[in-house]
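Comments concern the structure below.
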Amino acid sequence: MRKIKWLFGLGAMSSLMALPLIAASCKKESLEQVTKAYKDAYLEFNNAIEKDAAKLKEFKNSINEQKQDDKKKEILKQKNDWVKKQIPILQGLRKKANDAFKKLRDVQKNQKIQIIKLVHTNDEHGRLVFDDGKFNNYSGMQGLAEVMSRDFDRDLLLSAGDLIQGLPLSDSDKGLTISKVAHQMGYDAVAIGNHEFDWGLPHMFDIEKATERMPFLSANTVWNEKALNGKVKIRKEDGSFTEIDVKTKDGKTPKVGEKVFTPYIIKTLKSGLKVGIMGITTPDTKFTSLPINSEHVDFLDPVQSANKAVEELKAQGVNFIVALTHLGVNRSDTAWDGREFAKKAKGVDIVLDGHSHTLVKIEAHQNNKTYLTQAECHTKYLSELDITINAETGDVLDVQQQVRTIEYTELLGGKENKLEKINKLIDDLRKEFDTINKAIVFKSEIDFVHVENFEITHKDGKKSHHWKGRTQQTNLGTFGSDALAWEFIKANPQFEGRNNDEFNLDNVIGLMNGGGLRKDVPAGDVKREDILGISPFGNRAGAVRIKGSTFLKLWNMAH
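The structure is reproduced here in structure tokens:
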């Protein structure tokens, strides 16, 4: 009997031991079911909005091609009525997908295989508001904020830099308002791009103080020897300048080799996953932003700086790492190229790139160990990544990307502007701006085109997109160069060595770099804000006397 009792006891014990296995099996099955439910709901939403976005584009094309005003207004009304009807349908599908994602995030907590949702932009360049004009088509930070405020849960929202500088409205307070808007939207981090230097480091430090918990990152920007006893010129409200000592963002005296900005942060997601996020700044900042603003810093090698940051992050238990690289792709200097970075940096899982204003859909490098993408610029695209990872090893198992356009924003109600805090930030800025900059300067009978994108096929067969004005002469480039020469002649400056020379259109030639013109302007009334948008940098004209033969050499080299 004792033996039988023992066997019965063993049987009961075996049953109890099986319970955790059964429970684990059910839990695993439940995770699979929840994952499938999310993917199905997300696919349903994506298919629906992709179809409607195509139809919305057809409406817009019909409006732009229509010559008769009455017919154009009729099509516009049809478009608006149709969009109004589709918004609640698509919002309902997005809510269904988002509810499924939230459930998935709860179920997969501390699980080995997880899906994380990473949303990113880059090179926003002061695009504050929705603008579907003929030459623009960008959602604006305000439009994106509206969309992401409703049923759009995500794990991370990131920018690869050049958030500030770009359009007159945003530039009127040197990017402070757009930074505050990004802060309100919940951006987790922003890379330091070259244009974050446009108004000097003291101003950038002021922006950081105003956007606490939204760090600006750069792991390769360090103080140099010039910073030890350096001075910085600050423009006062009356337009005059004063000099102040170079200080860190904490108000301390810099140390040579010390990081200027926070190099990286660690975020713990709701699933329990620890994510490292670093910033990398393009070394060409030395000459693509006003050089005087970076004279006290050095930009270290991007790959070496990233490798060092990875070592430090790994030592803190982080095995999934995102690099916000303001480097760009298709560069002649491959050492500073985003793709070269993705190929060579060790231990970086996701590279979110910027700087070259290129749409790069997700691509794999290093035998699928590192993935790179870029969302072009100006909030024309919002990239939404679903990344499946092994949480124990940090390995990326799959990446699914949705690239959202302005049509997506409009179809989800992004033009409605219901967010009070963000609306107030923009409205307050606009009131001050409009008092001066809405004045009409002149009327143009032609479209000025310069930043329009077009495709180039390289010798190796690869294709890339570039601004028209960066690769060839444009009517806006000619207009800007002529205006520069005319202003110089009209100013008739006096300087040492002039020798009573007379300046006229026969001996003065204006030159404008292609990247210095930043906006297309359609025919019609041209306002002061349009002129500011064309040339937003506040640069000063410089003049040199050269021989005609020297100029011809310069011209031939440039062409």
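For the sequence shown, the residue numbers in mature numbering (1 follows the signal peptide of the UniProt record, and there is no 0) are -23 to -1, 1 to 536. By construction, the Cβ of each residue, glycine as well, lies at the ideal position given by its N, Cα and C atoms.
Could you tell me how far apart the beta carbons of residue i and residue j are, in whole angstroms, since I believe they sit closer than 8 Å?
{"i": "residue 152", "j": "residue 141", "result": "3 Å"}
{"i": "residue 454", "j": "residue 494", "result": "6 Å"}
{"i": "residue 399", "j": "residue 161", "result": "5 Å"}
{"i": "residue 130", "j": "residue 79", "result": "6 Å"}
{"i": "residue 349", "j": "residue 330", "result": "6 Å"}
{"i": "residue 384", "j": "residue 33", "result": "5 Å"}
{"i": "residue 188", "j": "residue 157", "result": "6 Å"}
{"i": "residue 172", "j": "residue 271", "result": "Wrong, their Cβ atoms sit about 11 Å apart, outside the cutoff."}
{"i": "residue 537", "j": "residue 101", "result": "The first residue shown for the chain is -23 and the last is 536, placing residue 537 beyond what the model contains."}
{"i": "residue 70", "j": "residue 12", "result": "19 Å between Cβ atoms; not a contact."}
{"i": "residue 192", "j": "residue 239", "result": "5 Å"}
Residue i to residue j, Cα distance in whole Å?
{"i": "residue 138", "j": "residue 48", "result": "42 Å"}
{"i": "residue 3", "j": "residue 351", "result": "Residue placement at residue 3 is flagged as unreliable, the pLDDT there being 44, under the threshold of 50; a coordinate-derived value is accordingly withheld."}
{"i": "residue 106", "j": "residue 116", "result": "7 Å"}
{"i": "residue 99", "j": "residue 163", "result": "15 Å"}
{"i": "residue 470", "j": "residue 263", "result": "29 Å"}
{"i": "residue -2", "j": "residue 9", "result": "Per-residue confidence for residue -2 stands at a pLDDT of 39, beneath the threshold of 50, marking its modelled position as unreliable; the derived number appears in the next sentence. For residue -2 and residue 9, the distance between alpha carbons rounds to 15 Å."}
{"i": "residue 22", "j": "residue 122", "result": "19 Å"}
{"i": "residue 524", "j": "residue 307", "result": "35 Å"}
{"i": "residue 124", "j": "residue 391", "result": "5 Å"}
{"i": "residue 346", "j": "residue 134", "result": "22 Å"}
{"i": "residue 65", "j": "residue 389", "result": "8 Å"}
{"i": "residue 213", "j": "residue 412", "result": "21 Å"}
{"i": "residue 210", "j": "residue 204", "result": "13 Å"}
{"i": "residue 405", "j": "residue 292", "result": "46 Å"}
{"i": "residue 244", "j": "residue 38", "result": "43 Å"}
{"i": "residue 395", "j": "residue 427", "result": "34 Å"}
{"i": "residue 340", "j": "residue 226", "result": "36 Å"}
{"i": "residue 382", "j": "residue 24", "result": "14 Å"}
{"i": "residue 437", "j": "residue 305", "result": "19 Å"}
{"i": "residue 222", "j": "residue 185", "result": "19 Å"}
{"i": "residue 149", "j": "residue 344", "result": "46 Å"}
{"i": "residue 519", "j": "residue 528", "result": "16 Å"}
{"i": "residue 256", "j": "residue 202", "result": "23 Å"}
Which residues mark the beginning and the end of the alpha helix (DSSP H) in which residue i is found?
{"i": "residue 458", "result": "452 to 468"}
{"i": "residue 234", "result": "No alpha helix (DSSP H) holds residue 234; DSSP gives it neither H nor E."}
{"i": "residue 167", "result": "No alpha helix (DSSP H) holds residue 167; the beta strand (DSSP E) holding it covers 166 to 168."}
{"i": "residue 94", "result": "Element bounds for residue 94: not the alpha helix (DSSP H) but the beta strand (DSSP E), 90 to 98."}
{"i": "residue 147", "result": "145 to 148"}
{"i": "residue 287", "result": "279 to 292"}
{"i": "residue 406", "result": "397 to 414"}
{"i": "residue 494", "result": "No alpha helix (DSSP H) contains residue 494, which DSSP labels as neither H nor E."}
{"i": "residue 185", "result": "178 to 187"}
{"i": "residue 316", "result": "315 to 321"}
{"i": "residue 369", "result": "That residue, residue 369, is in no alpha helix (DSSP H); it is neither H nor E in DSSP."}
{"i": "residue 117", "result": "117 to 125"}
{"i": "residue 264", "result": "262 to 265"}
What are the residues that DSSP puts in a beta bridge with residue i?
{"i": "residue 299", "result": "254, 327"}
{"i": "residue 212", "result": "218"}
{"i": "residue 381", "result": "359"}
{"i": "residue 430", "result": "444"}
{"i": "residue 340", "result": "349"}
{"i": "residue 194", "result": "168, 239"}
{"i": "residue 205", "result": "DSSP lists no partner for residue 205."}
{"i": "residue 133", "result": "95"}
{"i": "residue 565", "result": "The chain is shown from -23 up to 536; residue 565 falls before or after that span and cannot be answered."}
{"i": "residue 223", "result": "Note: residue 223 sits in no beta bridge, so no partner."}
{"i": "residue 425", "result": "498"}
{"i": "residue 376", "result": "364"}
{"i": "residue 108", "result": "115"}
Following the continuous beta strand (DSSP E) through residue i, name the residue where it begins and the one where it ends.
{"i": "residue 526", "result": "Residue 526 -> not in any beta strand (DSSP E); alpha helix (DSSP H) instead, spanning 525 to 535."}
{"i": "residue 501", "result": "501 to 504"}
{"i": "residue 155", "result": "Per DSSP, residue 155 belongs to no beta strand (DSSP E); it is in the alpha helix (DSSP H), 153 to 162."}
{"i": "residue 275", "result": "274 to 276"}
{"i": "residue 420", "result": "417 to 421"}
{"i": "residue 246", "result": "First-last for residue 246: undefined, no H or E at that position."}
{"i": "residue 200", "result": "198 to 200"}
When the cut-off is 8 Å and only beta carbons count, does residue i lie next to chain B?
{"i": "residue 33", "result": "Among the chains in the structure shown there is no chain B, since it carries only a single protein chain."}
Checklist entry - Is the region 305 to 324 touching the region 282 to 289 in the sense that three or more CB pairs, one from each, lie closer than 8 Å? => result yes
Item to check | Contact between the region 370 to 384 and the region 294 to 303 (3+ Cβ pairs under 8 Å) | outcome: yes
Next on the checklist: Check whether the region 28 to 46 and the region 87 to 102 are in contact - that is, three or more C-beta pairs closer than 8 Å.
Outcome noted: no
Checklist entry - Does the count of Cβ pairs from the region 271 to 281 and the region 193 to 203 closer than 8 Å reach three? => result yes
Checklist entry - Can at least three beta-carbon pairs, one atom from the region 434 to 450 and one from the region 526 to 534, be found at a separation below 8 Å? => result no
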